[in-house]
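>
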Amino acid sequence: MQGVMLTRLPRCLARHSRRFATAPALKDDRPRTIFSGIQPTGILHLGNYLGALSNWVKLQNEARPSDDIIFSIVGWHAITLPQDPKQLSAARKDMLATLLAFGIDPKKAVVFFQEDNQCHTELSWILSCITPVQRLRRMTTWKSKIVDKRNANDESEIDESMLHAGLLTYPILQAADILAYKATHVPVGEDQTQHLELTRELADSFNRKFSPKRRCFPIPTQLTTPCRRVLSLKDPSSKMSKSSPLVSSRILLTDTTSDILSKFKGAVTDSVQGISYDPANRPGASNLLSIYAACTGEEAETVAARYANKGHAELKVDVADVVENMLKGPRAEFERLRNDHGYLAEVAKEGAEKAQERSRKTLQEVRTLVGFC
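With this note's numbering applied, the sequence shown closes on residue 1517, and no number is skipped along the way.
Here it is in structure tokens:
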């Protein structure tokens, strides 16, 4: 495909970089199609990077030539909860710039905006016609999404009067995102496993109903990858979250050097002397050790041993330092890319064309099977 010369990406992240089956990353010799998506709902934080984005980069860089790696910025999922249109427009571009700055390479992976490929919504409608409503009502994540958006205390404060059809049915769209490319493997976090289970069920239902002799869809496998659970700096009993009203609870990937140091200095720890890695009894200190270890490629216990006779203040400063060293290169690249509107538009255009080329083949087969051709 003809296109612009894609900018060389930074190398500074190289070292950082139940009913359904799971698989270790890329040990099977068969070609794989790996799909994952991310919502454009604000600047990513450190937990997003260590928990997901760094694994995307690793999957991309370790993929074989026969593998197909596809990453989507999923705008249709974002609007299942209210979004300011101007903010969403800016967030879409910022998310693309973030992915590129932190190591996603358009030469190695297809990266595109979900809403630029109508195959997703067509397949979603077809799948919705074989999805029982009660199956969707058993999905619990719609409540947790409203809890996060409203900063509610827990799910007991949420009822179905707050539920729109898009939020109820978005797991079907998520299944369509995956199945449109006949993805064989999907890297997912703990909070998305039930969605992948639904995807597997819908793929199986479609195959049995419309293509029992030669299945149309592969049954996608959960791809297990190393995942660091990064906790809130202000409440280490919960995950770091961009929806928290406390800005100081999270490290944004675009935070300045002084922001990072200030937030870590204010991180909640405990009054116990010395440093030890004990997530159950010392979650605050253990969170700092985990972050340090994730940034340096060490084990948290190894870092803890080095700080055994030191204080929390010294650990906080040192954690801020290793995080800053990891983020400073990509942060500068992000600032450059977010202002290069022409380049971002070209990457998005090329990615959409590649995604459409792949998914149209699937949709043509699906249309034939259901009787539209």
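Using N, Cα and C, we set each Cβ at its ideal position, and we do this for glycine too. Just so we're clear, the structure is a prediction, and the values are computed from it rather than from any experiment.
Per DSSP, Ser1529 forms a beta bridge with which residues?
Given that the chain is displayed from residue 1145 to residue 1517, the structure contains no residue 1529 and the question cannot be resolved.
> Using CA atoms only, rank isn't needed, just tell me which of Ile1213, Asp1238, Asn1192 is closest to His1485.
By one-based count along the sequence shown, residue 1485 stands at place 341. If we check each option's Cα against that of His1485, Asp1238 comes out closest.
> Expressed to the nearest angstrom, what Euclidean distance is found between the alpha-carbon atoms of Lys1230 and Arg1482?
Taking the sequence shown and counting its residues from 1, the one referred to as residue 1230 is at position 86. Taking the sequence shown and counting its residues from 1, the one referred to as residue 1482 is at position 338. Answer to the nearest angstrom: the Cα atoms are 16 Å apart.
> Assign Gly1181 to one of two classes, buried (16 or more other C-beta atoms within 10 Å of its C-beta) or exposed (fewer than that).
On the sequence shown, residue 1181 is found 37 positions in, with the first residue counted as 1. That one is buried.
> When DSSP builds the beta bridges, which residues end up paired with Gly1473?
By 1-based counting over the sequence shown, the position of residue 1473 is 329. Bridge partners of Gly1473: none, in fact.
> Taking the alpha-carbon of Ala1457 as reference, which of Val1416, Ala1327, Ile1248 has the nearest alpha-carbon?
To locate residue 1457, count along the sequence shown from 1; it is residue 313. Looking at the Cα atoms, Val1416 is the closest of the given residues.
> Out of Ile1178, Leu1340, Leu1317, Ser1434, which has the shortest C-alpha to C-alpha gap to Asn1199?
Here residue 1199 is taken as the residue at index 55 of the sequence shown, counted from 1. Nearest C-alpha to Asn1199: Ile1178.
> Check whether the Cβ atoms of Met1384 and Val1374 sit closer than 8 Å, and answer yes or no.
For this step, residue 1384 is matched to residue 240 along the sequence shown. For this step, residue 1374 is matched to residue 230 along the sequence shown. Yes, they are a contact pair.
> Going straight from the alpha carbon of Tyr1193 to that of Asp1348, what length do you get?
Within the sequence shown, the letter at position 49 stands for residue 1193. Within the sequence shown, the letter at position 204 stands for residue 1348. Distance between the alpha carbons of Tyr1193 and Asp1348 is about 33 Å.
> One question on the structure: do Glu1397 and His1189 come within less than 8 Å of each other, judged by their Cβ atoms?
For this step, residue 1397 is matched to residue 253 along the sequence shown. For this step, residue 1189 is matched to residue 45 along the sequence shown. Rather than Glu, the amino acid found at residue 1397 in this sequence is Leu. Contact: yes.
> For Leu1225, does the three-state DSSP call read helix, strand or coil?
By one-based count along the sequence shown, residue 1225 stands at place 81. Of the three classes helix, strand and coil, the one that applies to Leu1225 here is coil, per DSSP.
> Are Gln1278 and Val1330 close, meaning C-beta to C-beta below 8 Å?
Translated into positions along the sequence shown, residue 1278 becomes position 134. Translated into positions along the sequence shown, residue 1330 becomes position 186. No. Outside cutoff.
> Pull up the distance between the alpha-carbon of Arg1524 and that of Lys1407, whole angstroms please.
In the structure displayed, the chain extends from 1145 to 1517; residue 1524 sits before or after that span and is not available.
> Report the CB separation of Lys1378 from Thr1506 in whole angstroms; it is logged as a contact under 8 Å.
Residue numbering aside, residue 1378 sits at position 234 when the sequence shown is read from its first letter. Residue numbering aside, residue 1506 sits at position 362 when the sequence shown is read from its first letter. At roughly 45 Å, the Cβ-Cβ gap does not stay under 8 Å, so Lys1378 and Thr1506 are not in contact.
> Tell me whether Thr1365 sits in a helix, a strand or coil according to DSSP, three-state version.
What you label residue 1365 is simply residue 221 of the sequence shown in a count that begins at 1. Looking at Thr1365 - three-state DSSP - the assignment turns out to be strand.
> Specify whether the region 1200-1210 and the region 1438-1449 touch according to this definition: at least 3 beta carbon pairs, one from each stretch, less than 8 Å apart.
Not touching, per the Cβ criterion.
> So His1108 is in the beta strand (DSSP E); what residue range does that whole segment cover?
The structure shown does not extend to residue 1108, since the chain is modelled only from 1145 through 1517, so no value can be given for it.
> Determine the direct distance from the alpha carbon of Ser1503 to that of Ile1214, and round the result to whole angstroms.
Residue 1214 sits at position 70 when you count from the first residue of the sequence shown. Residue 1503 sits at position 359 when you count from the first residue of the sequence shown. Cα to Cα, Ile1214 sits roughly 11 Å from Ser1503.
> What three-state label does DSSP hand Val1254 in the structure shown?
Along the sequence shown, one-based indexing puts residue 1254 at 110. Strand at Val1254.
> Could you check whether Leu1267 and Ala1324 sit closer than 8 Å to each other, using their CB atoms as the reference points?
Against the sequence shown, residue 1324 aligns to sequence position 180. Against the sequence shown, residue 1267 aligns to sequence position 123. Result yes, Cβ atoms of Ala1324 and Leu1267 sit closer than 8 Å.
> What is the DSSP secondary structure of Thr1506, reduced to helix, strand or coil?
Mapped onto the sequence shown, residue 1506 falls at position 362. Note: Thr1506 maps to helix in three-state DSSP.
> Is it buried or exposed, Gly1519, if we count other Cβ atoms within 10 angstroms and call 16 or more buried?
Here the chain covers residues 1145 to 1517 and nothing more, so residue 1519 does not appear.
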